Amino acid sequence: MTKRKHKREKALLFHNLTQQAQADSSSHSHIPLTPAEAATLPLLAGLPQSTELTKMKKFRFQLLHEWIIANLPQGRVADVGGGKGLLAYLLQQSGWPATVIDPTPQALPDKYKDFRLNRRVKIGPEETVPRIDRPFSADLAEPFDLLVSMHAHGCNVQLIDVAAASGKQIILLPCCIIDEPLLPEPGQHWIACLMEYALAKNLVVTPFRLNFRGQNIGLHIRPETAA
Ligand SMILES: C[S@@+](CC[C@H](N)C(=O)[O-])C[C@H]1O[C@@H](n2cnc3c(N)ncnc32)[C@H](O)[C@@H]1O
């Protein structure tokens, strides 16, 4: 697939997810755009050039950190499948208590680039983030207000179940389908499948997009009563 076609397909997916989420909350039916209809819309307006987006992928933790602190009330966060823990570290730096839940023990990186200030920031060997080195399970969610999962395995459906059962807010940036109890219909995108699953549980879903190339579409999922 050409880069341009890929970009257009991602834009179409995002457009259709947004329309479906809005149609569900207003009880109007949603008719997805066809690729031909999408070609007539300015779906790509405002996105950076693709080389810039490719470079931005390594800043995905910073981009998601910025999105969270700009859009949500401060609370206790679990970064599920958080890997080395850079997102949890950045949230801690902003005063948000954050814990990584991930079965693979991993150390924090020793540095990261602050792309806004264009400088390298060192993380000292004594600095840590709290970790629960276990696969995610619903009982681990209890102490947290917000559960975030970026490109994580085996926990997307479980997290939606937690949101439905407990009223907690979640953020998913889905990637591969690994160890999940649900599969998309043929031709259905995994993100659309997860969104449909959440909407069927009467949760409110707001799709959002971060400025990097790759799995950059997020779903903010919350109960109707949450802000
Ligand atoms: C592709 S990495 C993503 C890491 C990080 N969030 C990122 O964006 O780079 C997937 C992570 O999911 C973790 N993982 C695998 N199974 C899991 C499970 N059942 N519950 C929570 N995390 C899991 C892996 O150990 C790994 O760190």
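Just so you know, the sequence shown maps onto residues 501 to 727 in the working numbering. Just so you know, even glycine gets a beta-carbon here, dropped at the ideal spot from N, CA and C. Note that the coordinates shown come from a computational prediction; the quantities given were computed from them, not determined experimentally.
Does V704 come out as helix, strand or coil in the three-state DSSP assignment?
Taking the sequence shown and counting its residues from 1, one reaches residue 704 at position 204. Note: V704 maps to strand in three-state DSSP.
Proximity to A638 [Cα-Cα], best of G624, I670, I623
Along the sequence shown, one-based indexing puts residue 638 at 138. When each option's Cα is compared against that of A638, the closest is I670.
Decide if the stretch 706-723 is in contact with the stretch 515-523; the criterion is three or more beta carbon pairs, one per stretch, under 8 angstroms apart.
Taking a cut-off of 8 angstroms on C-beta distances, the stretch 706-723 touches the stretch 515-523, as three or more cross pairs fall below it.
If you draw a straight line from the alpha carbon of A511 to that of G667, how long is it in whole angstroms?
By 1-based counting over the sequence shown, the position of residue 511 is 11. By 1-based counting over the sequence shown, the position of residue 667 is 167. Answer to the nearest angstrom: the Cα atoms are 30 angstroms apart.
In the DSSP output, which residue or residues are listed as bridge partners for G718?
Residue numbering aside, residue 718 sits at position 218 when the sequence shown is read from its first letter. Answer is F708.
Kindly list the residues whose CB is nearer than 6 angstroms to the CB of Q574, restricted to its own chain and excluding five residues on each side of it in sequence; keep chain order.
One-based indexing of the sequence shown puts residue 574 at position 74. Result list for Q574: W596, in chain order.
Whole alpha helix (DSSP H) elements within the stretch 652-703, 4-residue minimum:
Counting only runs of 4 or more, we get 656-666, 690-700.
When you measure from the CB of P635 to every non-hydrogen atom of ligand 1, does any distance come out below 7 angstroms?
Position 135 of the sequence shown holds residue 635. Yes, the Cβ of P635 comes within 7 angstroms of a heavy atom of ligand 1.
Assuming I569 is part of the alpha helix (DSSP H), what are its boundary residues?
As a working note, residue 569 is residue 69 in the sequence shown. Counting along the chain, the unbroken alpha helix (DSSP H) around I569 starts and ends at 560-571.
Under a three-way DSSP split, which group does R504 fall into?
Along the sequence shown, one-based indexing puts residue 504 at 4. The three-state reading of DSSP puts R504 in helix, counting H, G and I together.
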